Amino acid sequence: MNQYPVTKNQELTVDIIDLTHEGMGIAKVDGYPLFIENALPGEKVTIHVLKVGNKFGFAKVKDFLKKSPDRIENADERYIRTGIAPLAHLSYEKQLLFKQQQVENVMKKVAKMPDVAVLPTIGMTNPTGYRNKAQIPVRRIDGQLQTGFYRKNSHDLMPIENFYIQDPAIDQAIVTIREILQKYQVKAYNETTHEGFLRHIVIRRGHYTHQMMVVLVTRKTKFFKGTQIAQEIAKALPEVVSIIQNINEEKTNVILGEHEQVLYGSSTIEDQLLGKTYQISAKSFYQVNTIQAERLYQTAYDFAKLTAKDIIIDAYSGIGTIGLSVADKVKHVYGMEVVADAVQDAIKNAKLNGLTNTTYVTGNAETVMAQWVKDGIQPTVIFVDPPRKGLTPSFIKASCEMNPEKIVYISCNPATMARDLALFNELGYAAQQVQPVDLFPMTNHVETVVLITRL
Ligand code: SAH
1 MNQYPVTKNQ ELTVDIIDLT HEGMGIAKVD GYPLFIENAL PGEKVTIHVL KVGNKFGFAK
61 VKDFLKKSPD RIENADERYI RTGIAPLAHL SYEKQLLFKQ QQVENVMKKV AKMPDVAVLP
121 TIGMTNPTGY RNKAQIPVRR IDGQLQTGFY RKNSHDLMPI ENFYIQDPAI DQAIVTIREI
181 LQKYQVKAYN ETTHEGFLRH IVIRRGHYTH QMMVVLVTRK TKFFKGTQIA QEIAKALPEV
241 VSIIQNINEE KTNVILGEHE QVLYGSSTIE DQLLGKTYQI SAKSFYQVNT IQAERLYQTA
301 YDFAKLTAKD IIIDAYSGIG TIGLSVADKV KHVYGMEVVA DAVQDAIKNA KLNGLTNTTY
361 VTGNAETVMA QWVKDGIQPT VIFVDPPRKG LTPSFIKASC EMNPEKIVYI SCNPATMARD
421 LALFNELGYA AQQVQPVDLF PMTNHVETVV LITRL
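So the sequence shown is residues 1 to 455, counted in full-length UniProt numbering.
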C-alpha cells in the first residue's frame, strides 16, 4: 500500500513547471511535487525518484528529453551539487528575472501589496569571481589535506580548487596555503571523531586594495610551528597583511570561535567602499560582493534623498559602511550592531575617514532602539539591514514611534522582509519602491532595497 503517486527508485518522465526558491526544478505527479536538481522550467526529463516524503519528494535527472533554451550547457555540475552556485545552469538574464519574480511573489502573497511595483534586478556585467571572502573546510582525504566544499545537505567534502564565484586570487591562495600546511604535516579536523586540528581556512581580499587576510581556524590553541607557518604563508603570498589563528573548540557548524590571536601582521585589513576607507576585523561582517554592495547602497541613498538636515540611523551596521559612506552629507549618524569587534571597527573607521558626527554602539538592535526612543533621538531616515530572520515587531514599533519620514529596508531574505513590510504598513508606513540587487550571482540569494515612507 502506498499513499503517494510515486515510489522510491521509480523511473518516470516529467515536465518541469517551476523552480523552488533554492533553484531546484519542480515537477508534479498527480499534484504531488517532486524537487529535482539541475532541471529547469520548460524541460522534459526522465527522473529517478530518490526520496518520497509526506508532502513532497526528491528525484534526480537520468535523461533530458527536452532542454530549456535558457540552459547553460557547459555548467560544471559540482557547483550545483555543492550549492556553491545552484543557478550556474541558468542563463544570467533569467537568473535576474527569477529573483525579481521571487520578490514579486512575496510582495503579493506575504506583504499583500500586489500594487507595489518590483523593479528589474540590478545585475553584474561579469557575474563570476566576485566574492571577496571564502570559508573553506579542510579535511584529510587519502592521507592528504584537501580543501573544497561540502555536498549539499552533507558534510562530505568534495575537493575543489576553482570556486567559480570567488575572486580567483583567493582560489590560488587557498591552494598555496594548503600546500604549506601539508608540508608542515598539519592535521585536518575530523568532524566525526572531533579530533585533528585545522577546521577551516578563511580568506578575505580587499576588492580595491588587494590586501589579504588569512584566518586559520583550529580546534586547539597550541599551534606547533604556527608562527613559522604564518611567516612562510606571508612570504609565498605578498598580498597577505594579516594572518590570524581563530580557535574553535566546539562541535558546531559555526565556523569561527570566540578567541583569536594574530600570527602575522595586523589584526585587520583595509578596503574601500564608495570612496571611504574601512578596516575590517576577522569577525566583522563585510559585504562579500564589493561592486554590487556599492550599487546596493547607492540605491538606498537614492531612495532616501539625503540632505544636510538629515539625522540617520544605521541599524545592523556591521563595520558602519552604510552610515559612514554618507556621514559627510548628513547632520548625524547613529548606528548599532551586536558584534563588538564590528562596532570597534565602525568607530575606528569613522576616525580614519575624518568623520566626527557619528555614534556607533554595541548592542541588540531592539534594546538599543528602545533606549534611543527614551533618549528622544529623532531620526529623519532609518536604514535597516538585518540578518535573514528580519526585524522584530518591537524594533518595527520603536522605529515608527521615532516618526521618521523615511525608512529604507535592505534585506537579504524577501520572505521576512515582506512580513515586516506588512507590519510597517499597519503602523502607517507604506512601501513605495522595491529594487532587487544581485549581490550573489549564480546563487539563489536575493537582496532587496525598499523605500518606506510615512503616510
Ligand atoms: N549593514 C552592514 C551589515 C549587514 S549584515 C553592511 O552592509 O555591511 C547584518 C548585521 O547585523 C551583522 O553585522 C550582524 O552581526 C548584525 N546583527 C545580527 N543580529 C543583530 C541584532 N539582534 N542586533 C544588532 N545587530 C545584529
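Note that beta-carbon positions come from the ideal geometry of N, C-alpha and C, so glycine has one too. Note that the structure is predicted; figures quoted are calculated from it, not measured.
One alpha carbon belongs to Q371, the other to T20, and they sit about 41 Å apart. Separation of Q3 and R81 (C-alpha to C-alpha, rounded to the nearest whole angstrom) is 30 Å. Short of 6 Å from the beta carbon of A111, and not among the five residues preceding or following it, lie these beta carbons of its own chain, in chain order: A418, L421 and A422.
In the DSSP assignment, H194 is bridged to no other residue. Between the ligand SAH and the CB of Y316, the shortest heavy atom gap is smaller than 7 Å. With a cutoff of 7 Å, V408 does not count as near the ligand SAH, since its C-beta is closer than that to no heavy atom of the ligand. The Cβ-Cβ distance between V381 and K397 does not fall below 8 Å. DSSP places M417 within a helical segment (H, G or I) once states are collapsed to three.
The Cβ neighbour count for G275, taken over all protein chains shown within 10 Å, is under 16; the residue is labelled exposed. Taking 7 Å as the cut-off, the C-beta of I177 does not count as close to any heavy atom of the ligand SAH. Runs of the alpha helix (DSSP H) spanning 4 or more residues and lying entirely within the region 166-241 occur at 168-183 and 226-236, in chain order. Within a 10 Å sphere around the beta-carbon of G318 sit 16 or more other beta-carbons, which makes this residue buried. When DSSP reads this structure, A134 sits in a beta bridge with I203. DSSP links T453 through a beta bridge to K406 and A430.
Taking 8 Å as the cut-off, the Cβ atoms of I269 and V241 count as close.
Cβ contact annotation for Y92 (same chain, cutoff 6 Å, sequence separation greater than five): P127, in chain order. H210 and A293 have their C-alpha atoms roughly 17 Å apart. Non-local beta-carbon contacts of L355 in its own chain, meaning distances under 7 Å to residues more than five positions away in sequence, involve L324, A327 and D328 in chain order. In terms of Cβ geometry, A230 and R205 do not form a close pair [threshold 8 Å].
At least one heavy atom of the ligand SAH is found less than 7 Å from the C-beta of I322. Residues A88 and H89 of the same chain have their beta carbon placed closer than 6 Å to that of A75, with the five preceding and five following residues left out of the count. Beta bridge pairing from DSSP links G265 with S242. When distances are taken from the beta-carbon of V326 to the heavy atoms of the ligand SAH, even the shortest one reaches 7 Å or more. Minimum Cα-Cα distance from I233 among the listed residues M212, T277, N253 and V368 corresponds to M212. Here R295 carries a helix assignment [DSSP, helix/strand/coil].
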